[in-house]
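2 protein chains.
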Amino acid sequence: MIRRVGAKISADNTCDFIVWAPFPEKVQLEIQGWKRAVDMNSDQYGYWFATLENITPGTRYKFILDGQLRRPDPASRCQPCGVHEWSEVVASHDFGWNDSEWQNIALSEMIIYELHIGTFTAEGTFTAAIDKLDHLLALGVNTIEIMPISQFPGSRNWGYDGVYPYAAQYSYGGPEGLKSLVDVCHQKGIAVILDVVYNHMGPEGNYLSDFGPFFTDKYTTPWGKAINFDDPYSDHVRSFFLQNALMWLDEFHIDGLRLDAIHAILDNSARHFLKELRQNVDELQLKTLRRHYLIAESDMNDVKIIQPYNNGGYNLDAQWVDDFHHAVHTLATGENDGYYSDYGSVADLAKAFRQAFVYDGAFSLFRKRTIGNSPAGQRSEQFVACIQNHDQVGNRMLGERLSQLVSFEMQKLAAGVMLIAPFVPMLFMGEEYGEDHPFLYFVSHGDPNLVAAVRKGRKREFRYFKWKGSVPDPQAEETYNQSKLQWNYHENERQTRLLNYYRQLINLRKNGAFGLFKNTGIKTDIDEKNKLLVIYSGGSKDQKQLGAVLNFSKKKHRVKLAKRDQQWCKIMASSDQ
Amino acid sequence: MIRRVGAKISADNTCDFIVWAPFPEKVQLEIQGWKRAVDMNSDQYGYWFATLENITPGTRYKFILDGQLRRPDPASRCQPCGVHEWSEVVASHDFGWNDSEWQNIALSEMIIYELHIGTFTAEGTFTAAIDKLDHLLALGVNTIEIMPISQFPGSRNWGYDGVYPYAAQYSYGGPEGLKSLVDVCHQKGIAVILDVVYNHMGPEGNYLSDFGPFFTDKYTTPWGKAINFDDPYSDHVRSFFLQNALMWLDEFHIDGLRLDAIHAILDNSARHFLKELRQNVDELQLKTLRRHYLIAESDMNDVKIIQPYNNGGYNLDAQWVDDFHHAVHTLATGENDGYYSDYGSVADLAKAFRQAFVYDGAFSLFRKRTIGNSPAGQRSEQFVACIQNHDQVGNRMLGERLSQLVSFEMQKLAAGVMLIAPFVPMLFMGEEYGEDHPFLYFVSHGDPNLVAAVRKGRKREFRYFKWKGSVPDPQAEETYNQSKLQWNYHENERQTRLLNYYRQLINLRKNGAFGLFKNTGIKTDIDEKNKLLVIYSGGSKDQKQLGAVLNFSKKKHRVKLAKRDQQWCKIMASSDQ
Chain A
-10 MIRRVGAKIS
0 ADNTCDFIVW
10 APFPEKVQLE
20 IQGWKRAVDM
30 NSDQYGYWFA
40 TLENITPGTR
50 YKFILDGQLR
60 RPDPASRCQP
70 CGVHEWSEVV
80 ASHDFGWNDS
90 EWQNIALSEM
100 IIYELHIGTF
110 TAEGTFTAAI
120 DKLDHLLALG
130 VNTIEIMPIS
140 QFPGSRNWGY
150 DGVYPYAAQY
160 SYGGPEGLKS
170 LVDVCHQKGI
180 AVILDVVYNH
190 MGPEGNYLSD
200 FGPFFTDKYT
210 TPWGKAINFD
220 DPYSDHVRSF
230 FLQNALMWLD
240 EFHIDGLRLD
250 AIHAILDNSA
260 RHFLKELRQN
270 VDELQLKTLR
280 RHYLIAESDM
290 NDVKIIQPYN
300 NGGYNLDAQW
310 VDDFHHAVHT
320 LATGENDGYY
330 SDYGSVADLA
340 KAFRQAFVYD
350 GAFSLFRKRT
360 IGNSPAGQRS
370 EQFVACIQNH
380 DQVGNRMLGE
390 RLSQLVSFEM
400 QKLAAGVMLI
410 APFVPMLFMG
420 EEYGEDHPFL
430 YFVSHGDPNL
440 VAAVRKGRKR
450 EFRYFKWKGS
460 VPDPQAEETY
470 NQSKLQWNYH
480 ENERQTRLLN
490 YYRQLINLRK
500 NGAFGLFKNT
510 GIKTDIDEKN
520 KLLVIYSGGS
530 KDQKQLGAVL
540 NFSKKKHRVK
550 LAKRDQQWCK
560 IMASSDQ
Chain B
-10 MIRRVGAKIS
0 ADNTCDFIVW
10 APFPEKVQLE
20 IQGWKRAVDM
30 NSDQYGYWFA
40 TLENITPGTR
50 YKFILDGQLR
60 RPDPASRCQP
70 CGVHEWSEVV
80 ASHDFGWNDS
90 EWQNIALSEM
100 IIYELHIGTF
110 TAEGTFTAAI
120 DKLDHLLALG
130 VNTIEIMPIS
140 QFPGSRNWGY
150 DGVYPYAAQY
160 SYGGPEGLKS
170 LVDVCHQKGI
180 AVILDVVYNH
190 MGPEGNYLSD
200 FGPFFTDKYT
210 TPWGKAINFD
220 DPYSDHVRSF
230 FLQNALMWLD
240 EFHIDGLRLD
250 AIHAILDNSA
260 RHFLKELRQN
270 VDELQLKTLR
280 RHYLIAESDM
290 NDVKIIQPYN
300 NGGYNLDAQW
310 VDDFHHAVHT
320 LATGENDGYY
330 SDYGSVADLA
340 KAFRQAFVYD
350 GAFSLFRKRT
360 IGNSPAGQRS
370 EQFVACIQNH
380 DQVGNRMLGE
390 RLSQLVSFEM
400 QKLAAGVMLI
410 APFVPMLFMG
420 EEYGEDHPFL
430 YFVSHGDPNL
440 VAAVRKGRKR
450 EFRYFKWKGS
460 VPDPQAEETY
470 NQSKLQWNYH
480 ENERQTRLLN
490 YYRQLINLRK
500 NGAFGLFKNT
510 GIKTDIDEKN
520 KLLVIYSGGS
530 KDQKQLGAVL
540 NFSKKKHRVK
550 LAKRDQQWCK
560 IMASSDQ
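Which chain is which? The protein sequence lines are A and B, in order.
Our numbering puts the first sequence at residues -10 to 566.
Our numbering puts the second sequence at residues -10 to 566.
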């Protein structure tokens, strides 16, 4: 009933083309350079198929719907001329992998580094990213998380406007480029997580509705029409995204997927899409004999996402914990606008440190309702914590990183909280040396109306914040170029010091120095007045104990540590660096 | 933060008026006959309150929003002049109950009888219904399920257009009338389930949006705007409905709620409204020391609804199982239009008999997607099964009951399947004697545009069916009167025979004659060609065994029963009656 979609070429240059289009009465396959389009056959479920011989990789094709609409393949593996033009046949199974020894890194051991291919390097390609891997290794990072790379309009985009989920962005280096990056990562001992967007489609080059009911009017999302996960025909839509996830994990050797904004994957059917996805990946693991992680971005604080199947959960491996970021950010910056208004106390950070969720069934004044449920019983590696990420930096009007907002000492303090915390830490590219260029929001749409709408929408996004000044033009190439990492830390003493500090912290973490904070029973002493937080590991008296003193004020304070039989002994102090 | 809403009068004639209206800047209380409106005070959550002295029951009031809109109380307990007019203060706690000995009936023992107050008797009132209770007792019914009685526009309505959830329909006899009915039921040993609608509001007299964000644009339902269960301010909206449920169970001594169409209660927050509802009722039970049931109407076939909390479930007590109805109906009638096209085989009925869900992760051709998950491990009393109900009869164009569609023998066969099945059986009023008047769809809206829309919508509803003829006018009084039970079975030999047959079956069921079908391991022999289904209870060879032979064809067939050491012995045959 369900078929694999896309163009699949065999060693003998036979190529199967399959597309799901349940409504058109006729679908034809157009091969670039051929005189006549090929009529496709269909089955009762709306799949159309044609098998052609003498097709070589690089062959370009489109589908013609009802003799009228000429459209690229929704499951295209390659869009060499952008989102509106020909799809290209790709030889998918002949890449020469060198990572047969590779095994994924345990979640609890991961040090994640989020990066955006376009701005991570001057060149903005997969290949150029390879050159930076040694820097990451020296830093201690063992996992990169790549922002979405599915083909998007133009060459400048965060990736959340992707419209060809199966096609690695051509300007980044296309599918071969991505495979090379993953292959080298694995040889160097680095895991790769890919950010995928299964909650909406980009606005430009999105021809999915010409093919079938990929969207539903039953629900809306902040980014437009919701994807049809539970209405008529949804089995095929779900399969389209399930196959996509499996492609990345299986064919591209990706180690984990970061699932964008799963609160906008609206599915009220008896098996939630995310559960089905995890079950599909469970099966894949039996084939690849590798562990593949699924990590959700969720604003719901709902442990259902990460609970086991038999507790009614979707069994995803982990989820991002925004509460941790917000608790640190508000203490570090003093900002209290917009959604940051729900945070700002030392107690919030203490709670986040102890149990990830600050909103665990608590009322949010900003969101104007009760949020979340209790994370009790979850393991600390089920939460990914950061002090900066693409959203928290890039969704500021001026895209300021923490290095542009707080003092050097505060940067070190914030990094310290993240790296001693029991959760999986995630750095945002450049954070490790305090990059001083911003990370702005940028697009390169081809449709002038859309560009105008994005400019307007951007302003609207900041309505809850008191930021002053003018919004950088998302469409301008300059905005994109400004956002590239400068990698000048060698010329900057403070940046070098910060980098060494991160290295040292990560090294300590990897050697287990902060492992006691993963035990349950963490105790926290809260001093709101002086902005002091003291954290003690749990466990019985005669065991080893770990303590941390965090001073978010601008003053020095004398802190009396809890009494114990043995002397306290300093592991490190951020101010020493 | 959350307050109890409505008008609450004390013994000393002090009355607290509380209404939630977070957006108006000013809310006043207008008492009928008073010269000036009373200014109300508000708290930060948008609750407005006033306490007045010398208020007697029967006092009429409205709220004035921002000095302009004069509106009845959304939590009104009584609307003596309809949905647009004054609300009335009701003395809620001085009813003289006589049911102190009452304990609810175990779900597994229930024989439910669904009735519509307006058409159950000639008078169409709660009081008149009391006179029929002895008939029900003689039949063996021990539970009535009352279709929704919350105040709706006019005096003729199924009840799903209610707009004052807290006000028992005045033309039925209002709150006092309902209490009297419940009180007498309990004295006679009859439990009362009330059908409540928490998924939408009726279209006429619905002033909720003037008060606050009761609805959300994020989701849509087949009946219009979705109720706001998870957007900003939803804590208060949820509370409005939670308090309503508790009112019926606590103050009105209702034994269980039938929750209408819970698939349209769209809530993606970390604690689903239905779970919160069940948790609230759990607490109430500690106070009332009575068991209160929550039974869901759901089209999702999702066991999450009825699974325990620790399996991620909402822990509701039971859910309707439409699959059972459809499997019987299609076999009995031969109908295969619309959603009935997904059923019709003996195998479907066998599956429904064995495990309730036919669609347990199976693909539905009519719904064009995979439906349901496995009900394995659920108890049979968690499913309510019927062969007729208000929807299945009344949503036919001509409202025909089974008695108008199939032979006398088939009526008995269908009744037999339901009453030997392991699920909780539910009869639809009049079914027990084969009432030959229809149960049609009727309304009595005051808005001519709405009446036109209903007439049009009604026709649209039948588009998947091949019914011929003209649609009876829902607005016509005649349509309502036609739908009233005639109670003429004494004058009709077949009706009397059918009634005796139902009595005998119910009696046998209550004496445990069919109990073996509740054990797991039921075996079924399926003969599609001859439309024969043979059912055997599970269990080991030397145990007692129960068998049933169901012949849905019009011919006689010889059926060879499974061999066993002891002889088979006939309990009853429908053809003997």
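Ideal Cβ positions, reconstructed from N, Cα and C, are used throughout, including at glycine.
All values derive from a computational prediction rather than experimental measurement.
For G213(A), the secondary structure class from DSSP, reduced to helix, strand or coil, is strand. Close to I360(A), with beta-carbon spacing below 9 Å, are these residues of chain B in chain order: S258, A259.
The criterion of a C-beta distance shorter than 8 Å is satisfied by N378(A) and M415(A). Contact of Q21(A) with chain B by beta-carbon distance below 7 Å is absent, the smallest such distance being about 35 Å. In the structure shown, the three-state DSSP call for N30(B) is strand. Partner residues in the beta bridge of M415(B), as assigned by DSSP, are I101(B), C375(B). In this structure, the CA atom of L96(A) is about 35 Å from the CA atom of K549(A).
Within a 10 Å sphere around the beta-carbon of L354(A) sit fewer than 16 other beta-carbons, which makes this residue exposed. Per the C-alpha coordinates, the member of H281(B), W86(B), N362(B), Q371(B) positioned closest to K507(B) is Q371(B).
Residue contact check for D271(A) against chain B: no CB pair falls below 8 Å. Excluding five sequence positions before and after L126(B), the CB atoms of its chain that fall closer than 8 Å to its own CB belong to K177, G178, I179, given in chain order. For D224(A), the chain B residues whose Cβ falls inside 9 Å of its Cβ are F352, K357, R358, T359, in order along the chain. The beta-carbon of G302(B) is placed less than 8 Å from the nearest beta-carbon of chain A.
Between S392(A) and G435(A), the C-beta gap is not smaller than 8 Å, which leaves the two residues out of contact. Here the C-alpha atom of G510(A) lies approximately 4 Å from the C-alpha atom of G527(A). In the structure shown, the three-state DSSP call for R447(B) is helix.
K207(A) belongs to the set of residues whose beta carbon lies under 8 Å from a beta carbon in chain B. Collapsing the DSSP output to three states places Y430(B) in coil.
Nearest to Q57(B) by alpha-carbon distance, out of N188(B), K293(B), G113(B), L18(B), is L18(B).
Beyond the five residues adjoining it in sequence on each side, Y155(A) comes within less than 7 Å, by CB distance, of G(-5), A64, S65, R66, N233, M236 in the same chain, given in chain order. Between Y161(B) and G107(B), the C-beta spacing is below 8 Å. Between V130(B) and Y102(B), the beta carbon gap of about 4 Å places them in contact (Cβ cut-off 8 Å). Nearest C-alpha to G166(B) among N188(B), F397(B), S81(B): S81(B).
Of all residues in the region 271 to 293 of chain B, only M289, N290, D291, V292, K293 place a beta-carbon less than 9 Å from a beta-carbon of chain A. Look at Q296(B): its C-beta is under 8 Å from a C-beta on chain A.
Using a CB distance below 8 Å, the part of the region 217 to 250 of chain A facing chain B consists of D219, D220, P221, Y222, S223, D224, ordered along the chain. In the displayed model, E77(B) falls within a strand according to three-state DSSP. D380(A) is positioned such that its CB atom lies no closer than 8 Å to that of A345(A).
By the C-beta criterion, the region 390 to 408 of chain B is judged not to be in contact with the region 436 to 447 of chain B, since fewer than 3 inter-stretch pairs fall below 8 Å. D291(B) counts as buried, since at least 16 other C-beta atoms from the protein chains shown sit within 10 angstroms of its C-beta.
For R452(A), no alpha helix (DSSP H) segment is defined, and its DSSP state is neither H nor E. In the assembly as shown, H281(B) is a buried residue. Its beta-carbon has 16 or more other beta-carbons within 10 Å.
E467(B) and A118(B) have their alpha carbons spaced roughly 21 Å apart. Residue-level contact check: L394(A) does not touch chain B, since none of the beta carbons of chain B fall below 8 Å from its beta carbon. Using a Cβ-Cβ cut-off of 8 Å, N188(A) does not count as an interface residue toward chain B, since no Cβ of chain B sits closer than that to its own. N146(B) is not a Cβ neighbour of D244(B), given a cutoff of 8 Å.
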